[in-house]
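Last residue of the sequence shown: 1210 (the numbering used here), numbering continuous.
Every residue gets a Cβ at the ideal spot worked out from N, C-alpha and C, and that includes glycine.
Working notes for the structure below.
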Amino acid sequence: MMIIISDPYTKAELLQSLDKFMLPHLLLGKLTVREMLFFTMYHNLHHVNNVRRQRGHELITV
């Protein structure tokens, strides 16, 4: 599900709220919700690209 926020004030509030709460990570320690979201997206893309590399497909870049 993708949430599109067009109001910049609302977007700024959302980003600030993501920085208020912390989540534990076994290796990285405490991360904000925003950091955990970025880490999760990057980590999943890393695994997708590993499979694509093994199959000889073009890698996905951001």
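Can you check whether the CB of residue j is closer than 8 Å to the CB of residue i?
i       : j       : result
LEU1171 : LEU1179 : yes
Hey, out of the options, whose CA is closest to residue i's CA?
i       : options                            : result
PHE1169 : GLU1161, LEU1176, LEU1207, ARG1182 : ARG1182
Specify the secondary structure class of residue i as computed by DSSP and reduced to three states.
i       : result
THR1209 : coil
MET1150 : coil
LYS1159 : helix
LEU1175 : coil
Give me, in chain order, the residues of the same chain whose beta-carbon lies closer than 7 Å to that of residue i; leave out the 5 immediate sequence neighbours on both sides.
i       : result
LYS1159 : ILE1153
GLN1202 : none
Whose C-beta lies closer than 8 Å to the C-beta of residue i among residues of the same chain, with five residues either side of it excluded?
i       : result
GLY1177 : none
How many whole angstroms separate the CB atoms of residue i and residue j, which I take to be in contact at a CB cut-off of 8 Å?
i       : j       : result
ASN1197 : LEU1207 : 5 Å
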